[in-house]
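**Student:**
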Amino acid sequence: MTAALSAHELIARHRSTLDQALEAIRTRAYWSPHPEHPKAYGENGSLDAAAGKAAFDALLGSRLDLGQPGTDDWVGGETSPYGIDLGVTYPHADLDVLLPAMKAGQRAWRDAGAEQRAVVCLEILKRISDRTHEFAHAVMHTSGQAFMMALQAGGPHAQDRGLEAVAYAYVEQVRTPDNAEWTKPQGKRDPLAMNKQFTPVPRGIALMIGCNTFPTWNGYPGLFASLATGNAVLVKPHPRAVLPLALTVQVAREVLAEAGFDANLVALAAERPGEGIAKTLALRPEIRIIDYTGSTEFGDWLEANARQAQVYTEKAGVNTVVVHSTSDYKGMLSNLAFSLSLYSGQMCTTPQNLLVPREGISTDQGPKSYDEVVADLAKAVDGLLGDDARANALLGAIVNPDVKARLEAASGLGEVALASREITNPDFPGAVVRTPVIVKLDGAKPDDEAAYMSECFGPVSFAVAVDSAEDAAELLRRTVREKGAMTVGAYTTDPEVEQAVQEVCLEEAAQLSLNLTGGVYVNQTAAFSDFHGSGGNPAASAALCDGAFVANRFRVVEVRRDA
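Quick note on the working numbering: the sequence shown kicks off at -9 and runs consecutively.
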């Protein structure tokens, strides 16, 4: 195969970006090569807003032919949460044909080495970045995210996470030198001398099982971590969110072929309605790595049954915020209101349980009772979402009927402090848009425990009355230990309470945000700096992204010879 993109050209084009990413993960300082602002696109080959929308519109009703081997059917059926049928069809694969074809290209990909694999991955990310506006519409109309969130979270933030994974993969692979000269003194005898060669070798084919809500943001870390460490990657999207990942596979295949590698190193596994191929794929002996984001039930099944594979899961948890005291009451309420509202709470990092002492809290505006805190938070959410246009821009749409059912059932779990209301989206009359509900529960009542100790994914939060800060810390500990948490938040001006909450999070391996009152929110994390999940509690078996996330995707094989 003749390469249109030489290794030298790709290294010259992307090595400086890789070096900056390596520095960013070392320092944990802010850095991103992918602009967040929509107007940043439209030059140097990237699509501007109009071109991106036109490209998306051209996809509707089309057949996305990826040129994959083993295609035995064409499948589709995605309906946007905004009420339109996408009508895109995708190749359905005969796995007995596709999987051997994917394996065939791994030798050349392995032999290319860590640097060349990294810069090929960076070229894939660059081309995806150039199509950010197109991808934004694809993410919006499969996940229900509002457009600006789809553009940022589904575009540059997802691309950052992919690049971050490539950087970690590169670091771990070059930790061991390619060659070593080994000499051991033997006293009066001649020394023992050997030449040793060390090669990172891939585990095999990686399976990336995509999610409905953040197909690119959650999908790119595993995809690029596996690809950069020499593995072929089979992408199995959520059946309601195929398009963004199918476009990703399309770009990856194009770049791999242009760089002289087998395009089948990345392939798509779309499924017929109700086929449920994830379980079948997960148990195939060819699958040696699995990345999964989704329900706890299926994540637990993968960990228990896919024994031939290294499994990385991001499942679910019960995210908790301890509200003890604050020096900025207005800022706290504003920050929490935004966190509860963003994307209708359909984030694995959204707070669910707000633990508030029943005797109230101290603030810069004087003492506030439990009832006042909850009522003021409800007013803050109402104020934030009072304008329908702003509400639509923050809430997006309810992603599936299960979320809507949980939201509607929540009002029967306790006293409703903030009722959910329906909002009309004038641009998309078919969208299901709902504001959050806040329900008051008592941490001392066994009947209430079943509600707040279960994950209720969506725009549902519980204001749980607790006896004291000590009780809040212990309930936090039990929640993280038993149910897991992707995020923990706390508001306190008391150093002892802060220390107690911090100690719980250190012992239970939960990521903690303290006293957020500005423009950073507990449910948002920044690539290259923040860790998403920890891999140390039941919510996830891995962190995005750290050395542990990439290091076991390959093994180092040694060949040694007498010198």
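Cβ coordinates follow ideal geometry from the N, Cα and C atoms, glycine included.
From T339, D252, G134, L408, pick the residue whose C-alpha is nearest to that of N415; which is it?
**Tutor:** If you number the sequence shown from 1, residue 415 lands on position 425. Measuring from the Cα of N415, the nearest candidate turns out to be G134.
**Student:** Taking DSSP as the reference, what is the three-state secondary structure of R545?
**Tutor:** Here residue 545 is taken as the residue at index 555 of the sequence shown, counted from 1. Three-state result, R545: strand.
**Student:** With 16 as the cutoff for other CB atoms within 10 Å, does S569 come out buried or exposed?
**Tutor:** Lying before the first or after the last residue shown, residue 569 is absent from the chain, which here runs from -9 to 553.
**Student:** Are the Cβ atoms of L345 and V239 separated by less than 7 Å?
**Tutor:** The residue you call residue 345 lines up with position 355 of the sequence shown. The residue you call residue 239 lines up with position 249 of the sequence shown. No, Cβ-Cβ distance for L345 and V239 is not below 7 Å.
**Student:** In terms of residues, what are the limits of the alpha helix (DSSP H) holding S451?
**Tutor:** As a working note, residue 451 is residue 461 in the sequence shown. Careful: S451 lies outside any alpha helix (DSSP H), inside the beta strand (DSSP E) at 450 to 456.
**Student:** Below 6 Å CB to CB, which residues in the same chain sit around A170 once its five sequence neighbours on both sides are set aside?
**Tutor:** Stepping through the sequence shown from its first residue, residue 170 is reached at position 180. For A170, where only same-chain residues beyond five positions count, the Cβ hits under 6 Å are K186.
**Student:** Between the stretch 541 to 548 and the stretch 345 to 358, are three or more C-beta pairs nearer than 8 Å?
**Tutor:** No, the stretch 541 to 548 is not in contact with the stretch 345 to 358.
**Student:** I'd like the ranges of any beta strand (DSSP E) spanning at least 3 consecutive residues and lying wholly in the stretch 335 to 399.
**Tutor:** As far as the stretch 335 to 399 is concerned, its whole beta strand (DSSP E) runs of at least 3 residues are 343 to 347.
**Student:** Output the distance between the C-alpha atoms of Y31 and S22, rounded to the nearest integer angstrom.
**Tutor:** Along the sequence shown, read from residue 1 onward, the residue named residue 31 stands at position 41. Along the sequence shown, read from residue 1 onward, the residue named residue 22 stands at position 32. Spanning the two alpha carbons is a distance of roughly 15 Å.
**Student:** Report yes or no: do the stretch 273 to 283 and the stretch 449 to 463 share at least 3 C-beta pairs separated by less than 8 Å?
**Tutor:** Counting Cβ pairs under 8 Å, fewer than three are found: no touch.
**Student:** Quick check on S562: does DSSP put it in helix, strand or coil?
**Tutor:** This structure leaves residue 562 out entirely; the chain is present only between -9 and 553.
**Student:** Inspect the beta-carbon positions of F214 and E124 and report whether they are closer than 7 Å.
**Tutor:** The residue you call residue 214 lines up with position 224 of the sequence shown. The residue you call residue 124 lines up with position 134 of the sequence shown. Contact flag unset, no.
**Student:** Which residue wins for smallest C-alpha separation from R471, given the options G479, D392, V487, N309?
**Tutor:** The residue labelled residue 471 in the question sits at position 481 within the sequence shown. Comparing Cα-Cα distances from R471 to each of G479, D392, V487, N309, the minimum goes to N309.
**Student:** Assign Y160 to buried or exposed, taking buried as 16 or more other Cβ atoms, counted over all protein chains shown, within 10 Å of its Cβ.
**Tutor:** Position 170 of the sequence shown, counted from the start, is the residue given in the question as residue 160. Burial call: buried.
**Student:** Would you mind stating whether S519 and P426 have Cβ atoms separated by less than 7 Å?
**Tutor:** Here the question's residue 519 lines up with position 529 in the sequence shown. Here the question's residue 426 lines up with position 436 in the sequence shown. No, Cβ-Cβ distance for S519 and P426 is not below 7 Å.
**Student:** Locate the alpha helix (DSSP H) running through M476, then write down its first and last residues.
**Tutor:** Position 486 of the sequence shown, counting from 1, holds the residue named residue 476. Looking at the DSSP string, M476 is not in any alpha helix (DSSP H), and its letter there is neither H nor E.
**Student:** Checking 7 Å against the spacing of the C-beta atoms, do A407 and A368 come in under that value?
**Tutor:** Your numbering for residue 407 matches position 417 in the sequence shown. Your numbering for residue 368 matches position 378 in the sequence shown. The answer is yes: Cβ separation under 7 Å.
**Student:** Pull up the distance between the alpha-carbon of A183 and that of G103, whole angstroms please.
**Tutor:** Residue 183 sits at position 193 when you count from the first residue of the sequence shown. Residue 103 sits at position 113 when you count from the first residue of the sequence shown. Each residue's alpha carbon lies about 26 Å from the other.
**Student:** Which whole-angstrom value is the C-beta distance of P28 and A39, which I expect to be below 8 Å?
**Tutor:** For the purposes of this step, residue 28 is taken as residue 38 along the sequence shown, with counting starting at 1. For the purposes of this step, residue 39 is taken as residue 49 along the sequence shown, with counting starting at 1. Contact flag correct, Cβ pair sits at about 6 Å.
**Student:** Which stretch, first to last residue, makes up the alpha helix (DSSP H) that contains I267?
**Tutor:** What you label residue 267 is simply residue 277 of the sequence shown in a count that begins at 1. Looking at the DSSP string, the run of the alpha helix (DSSP H) that includes I267 is 267 to 272.
**Student:** At which residue ranges does the stretch 191 to 242 contain complete alpha helix (DSSP H) runs of 4 or more residues, listed in the order of the chain?
**Tutor:** List check, alpha helix (DSSP H) in window: 210 to 218.
**Student:** Check L76 in the structure and name its three-state DSSP category.
**Tutor:** In the sequence shown, counting from the first residue as 1, residue 76 sits at position 86. L76: coil per DSSP, three-state reduction.
**Student:** Rounded to the nearest angstrom, what separates N146 and P436 at their Cα positions?
**Tutor:** As a position in the sequence shown, residue 146 is number 156, starting the count at 1. As a position in the sequence shown, residue 436 is number 446, starting the count at 1. A small correction: the amino acid at residue 146 is Pro; Asn does not occupy that position in the sequence shown. Whole-angstrom Cα-Cα distance: 45 Å.
**Student:** Looking at C-alpha atoms only, which residue of H314, E405, K93, D372 is the closest neighbour of D354?
**Tutor:** Numbered from 1 along the sequence shown, position 364 holds the residue referred to as residue 354. It is H314.
**Student:** Would you decide whether M(-9) is buried or exposed? Buried here means 16 or more other CB atoms lie within 10 Å of its CB.
**Tutor:** One-based indexing of the sequence shown puts residue -9 at position 1. At M(-9), the pLDDT of 48 sits below 50, so the modelled position is not reliable and the matter cannot be decided from this model.
**Student:** Please tell me whether T482 and Q501 are closer than 7 Å, where the distance is taken between their beta carbons.
**Tutor:** Within the sequence shown, the letter at position 492 stands for residue 482. Within the sequence shown, the letter at position 511 stands for residue 501. Cβ distance not < 7 Å, so T482 and Q501 don't count as in contact.
**Student:** For I156 and C111, I'd like the C-alpha separation in whole angstroms.
**Tutor:** Taking the first residue of the sequence shown as position 1, residue 156 is located at position 166. Taking the first residue of the sequence shown as position 1, residue 111 is located at position 121. It should be noted that the sequence gives Val, not Ile, for residue 156. Cα-Cα distance, rounded: 7 Å.
**Student:** Just the C-alpha distance for A136 and G376, rounded to the nearest angstrom, thanks.
**Tutor:** As a first step, residue 136 is located in the sequence shown; it is residue number 146 there, counting from the start. As a first step, residue 376 is located in the sequence shown; it is residue number 386 there, counting from the start. Roughly 17 Å between the two C-alpha positions.
**Student:** Between G266, A91, V494, L37, which lies nearest to R230 when the distance is taken from Cα to Cα?
**Tutor:** The residue you call residue 230 lines up with position 240 of the sequence shown. Out of G266, A91, V494, L37, G266 has the C-alpha closest to the C-alpha of R230.
**Student:** By DSSP's criteria, G66 is part of a beta bridge. Which residues make up the other side?
**Tutor:** Looking up residue 66 in the sequence shown gives position 76. Paired residue(s): T79.
**Student:** The alpha helix (DSSP H) that contains D120, what's its start and end?
**Tutor:** In the sequence shown, residue 120 corresponds to position 130, counting from 1. Here the alpha helix (DSSP H) through D120 covers 104 to 120.
**Student:** At 4 residues or longer, what runs of the alpha helix (DSSP H) sit wholly inside the stretch 0 to 52?
**Tutor:** Whole alpha helix (DSSP H) segments, 4+ residues: 39 to 49.
**Student:** I need the straight-line Cα distance from G402 to R53, nearest angstrom please.
**Tutor:** If you number the sequence shown from 1, residue 402 lands on position 412. If you number the sequence shown from 1, residue 53 lands on position 63. Spanning the two alpha carbons is a distance of roughly 45 Å.
**Student:** Tell me whether the beta-carbon of A387 lies closer than 7 Å to the beta-carbon of A440.
**Tutor:** The count along the sequence shown starts at 1 and reaches residue 387 at position 397. The count along the sequence shown starts at 1 and reaches residue 440 at position 450. Result no, Cβ atoms of A387 and A440 do not sit closer than 7 Å.
**Student:** By Cβ distance, which residues of its chain are closer than 6 Å to T316, with the 5 residues on each side in sequence left out?
**Tutor:** As a working note, residue 316 is residue 326 in the sequence shown. These residues qualify, in order along the chain: M322, T353, Y481.
**Student:** Anyone know if the C-beta pair for R278 and R193 falls short of 7 Å?
**Tutor:** The sequence position of residue 278 within the sequence shown is 288, counting from 1. The sequence position of residue 193 within the sequence shown is 203, counting from 1. For R278 and R193, yes; Cβs fall inside 7 Å.
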